[in-house]
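Asks: Chain order of the listed sequences is A and B. Heads up: the first sequence begins at 1 in the UniProt record's numbering, then just goes up one per residue. Heads up: the second sequence begins at 1 in the UniProt record's numbering, then just goes up one per residue. For glycine and all other residues, C-beta sits at the position ideal for the given N, C-alpha and C. Submitted below is the structure of interest, expressed as structure tokens.
Number of protein chains: 2
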Amino acid sequence: MPRSPGRPVPEAERPLRADARRNRELLLTAAHEAFTEHGADASLDDIARRAGVGIGTLYRHFADRDALLVATLEERLVALRDKGRALLETPDAVDAVVAWMKVLIKHLTTYRGMVGTISAGLHGVSAACEQVKETGAALLSRAQAAGEIRSDIDHDDLEALAVAVAFTGQQPASDPARARRMLTVIIDGLRVRAPGAK
Amino acid sequence: MPRSPGRPVPEAERPLRADARRNRELLLTAAHEAFTEHGADASLDDIARRAGVGIGTLYRHFADRDALLVATLEERLVALRDKGRALLETPDAVDAVVAWMKVLIKHLTTYRGMVGTISAGLHGVSAACEQVKETGAALLSRAQAAGEIRSDIDHDDLEALAVAVAFTGQQPASDPARARRMLTVIIDGLRVRAPGAK
DNA sequence: TGCGAAGCGGAGGATGCCTCCGTATATGAA
DNA sequence: TTCATATACGGAGGCATCCTCCGCTTCGCA
């Protein structure tokens with residue numbers, strides 16, 4: 001059942017052909033390896049080679065480096081969401097927000113030198129993205145409603161702060177102790193001042 | 001007065017030949033333009049072309065992209081130091097630290113997408129680098145001695161926090177209001193809790 | 001079994017980084 | 001001034017990467 005030659009993928013999800021599905025998986029696995037090993041410097045040609053696939057095939061599946069990265073992280077987003085949901089069940093609202101930030105930071109540092117790109121990937125349109133954001137927003141709201149976290153920030157701010165810690169933690173000159181101190185400073189800044197404080 | 005063919009520059013500062021000095025200046029000017037225009041994506045070949053100089057000449061003066069960037073920023077470091085010294089004369093220690101952070105952030109965002117590299121350049125060995133760090137450290141100590149800024153952080157931490165704000169402020173999804181909020185949160189986190197606070 | 005859509009592969013153009021080395025020039029000494 | 005030589009210049013070209021294009025192959029439905 002042919003189709004008019006509209007160049008790229010039609011639009012809606014069309015079931016992939018069996019070989020295409022297989023190659024897609026091979027590419028994602030190879031990409032994960034390569035990104036893990038070389039971070040932002042991973043070569044797309046190399047990824048195609050690792051996957052045992054032509055470079056043209058890689059580009060048929062993923063428009064560019066970013067698209068490939070986003071796809072690679074997609075399933076991790078689900079795990080992220082689940083961790084967030086679990087945190088919603090814990091009693092201490094502030095502790096939960098702190099834990100959530102740590103989880104975000106870990107996600108953002110999945111691959112070296114890609115904090116910016118991974119962060120951009122969090123603002124995508126996939127269902128997983130939405131759910132991650134919803135979950136995080138719920139965690140934040142809970143702590144704000146309890147009057148423990150300042151109310152003049154939103155979840156995007158929280159994300160930006162996580163990006164900040166993640167980025168500096170990945171600088172060559174950084175050390176884990178400093179990263180911990182940074183997070184402490186930020187958390188303290190997020191807390192509502194106790195009554196009587198200046 | 002010839003010299004044995006020790007490949008690179010001898011070691012100590014040797015006076016440059018007149019043409020070399022001129023070309024060096026041309027390169028720095030061209031580099032500043034190119035970095036301003038294209039940020040991290042500026043091409044070194046293009047910089048040489050703008051300077052009206054062969055690519056070999058560029059590499060004779062600057063070992064690689066980072067060396068060129070550092071040289072480009074060198075004179076700005078002096079300005080940075082001077083601003084810091086001026087702040088040391090202002091009365092409010094905390095305000096001075098806040099202003100210092102803003103100055104640092106501005107410096108780090110001189111060129112787009114180069115926060116990491118510019119930050120690394122702050123840790124160099126030039127006199128200007130040292131003086132910038134000394135000045136910043138003095139500003140921080142003053143506020144800490146006054147009991148207004150937490151004492152468990154050092155100037156490298158302050159720098160890391162500036163890097164954090166600078167980086168997130170340069171993300172495509174960022175907006176100035178968020179950057180301002182981030183800085184507020186961080187400053188609040190840096191303040192010593194007023195007595196009576198939890 | 002056959003046909004058309006979907007997918008594959010890789011050659012090759014474009015760009016960027018950097019090295020190498022033959023040539024040109026500035027500079028101090030005579 | 002002239003000369004010798006260290007210093008500096010220029011750019012061709014090797015290598016890597018990204019990405020496009022298009023002829024060939026394979027899948028899957030009828």
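For a contact meaning CB atoms closer than 8 Å, what does Q144 (chain B) contact in chain A?
Replies: In chain order: nothing, as chain A lies at least about 14 Å away.
Asks: By the criterion of Cβ-Cβ separation under 8 Å, what are the contact partners of G124 (chain A) in chain B?
Replies: Under the 8 Å cutoff, chain B gives no residues; its nearest Cβ is about 11 Å from G124 (chain A).
Asks: Are the stretch 137-151 of chain B and the stretch 97-104 of chain B touching by the rule of at least three beta carbon pairs closer than 8 Å?
Replies: Yes: at least three Cβ pairs fall under 8 Å.
Asks: For the ligand FAD, I want to know if I47 (chain B) counts as a neighbour, meaning its beta carbon is within less than 8 Å of at least one of the ligand's heavy atoms.
Replies: This structure simply doesn't include the ligand FAD, nor any ligand for that matter.
Asks: Can you check which of these residues, A:R14, A:C129, A:A164 and A:I153, is closest to T109 (chain A) by C-alpha distance?
Replies: Nearest C-alpha to T109 (chain A): A:A164.
Asks: Would you identify the three-state DSSP class for I149 (chain B), choosing helix, strand or coil?
Replies: Three-state DSSP puts I149 (chain B) in a strand.
Asks: Any C-beta of chain B within less than 8 Å: which residues of the stretch 146-167 of chain A qualify?
Replies: Listed in sequence order: R150, D152, I153, D156, D157, A160, L161, V163, A164, V165 and F167.
Asks: Would the beta-carbon of L87 (chain B) fall within 9 Å of that of S126 (chain B)?
Replies: Not closer than 9 Å, so no.
Asks: Can you confirm whether the stretch 40-54 of chain B touches the stretch 20-28 of chain B when touching is taken to mean that 3 or more C-beta pairs between the two stretches lie within less than 8 Å?
Replies: Enough Cβ pairs lie closer than 8 Å, so yes.
Asks: Along chain B, in chain order, which residues have C-beta atoms closer than 9 Å to that of S174 (chain A)?
Replies: Simply A160.
Asks: Thinking H123 (chain A) and A137 (chain A) are a contact (beta carbons under 8 Å), I'd like their distance in whole angstroms, please.
Replies: The Cβ separation is near 13 Å, so there is no contact.
Asks: Could you give the distance in angstroms between the alpha-carbon of E159 (chain B) and the alpha-carbon of A146 (chain B)?
Replies: Looking at the two C-alpha atoms, the distance is approximately 20 Å.
Asks: From R81 (chain A) to E74 (chain A), what does the alpha carbon distance come to, in whole angstroms?
Replies: Cα to Cα, R81 (chain A) sits roughly 11 Å from E74 (chain A).
Asks: Skipping 5 residues on each side, what residues in its chain have a beta carbon closer than 8 Å to that of A120 (chain B)?
Replies: Once the five neighbours on either side are set aside, the close Cβ partners of A120 (chain B) are D66.
Asks: Examine chain B for any beta-carbon lying closer than 9 Å to the beta-carbon of T110 (chain A), and answer yes or no.
Replies: For T110 (chain A), the answer is no, since every Cβ of chain B falls outside 9 Å of its Cβ.
Asks: Considering only the alpha carbon of each residue, which of B:I187, B:A31, B:E13 and B:G116 lies closest to I149 (chain B)?
Replies: Cα-wise, what sits closest to I149 (chain B) is B:I187.
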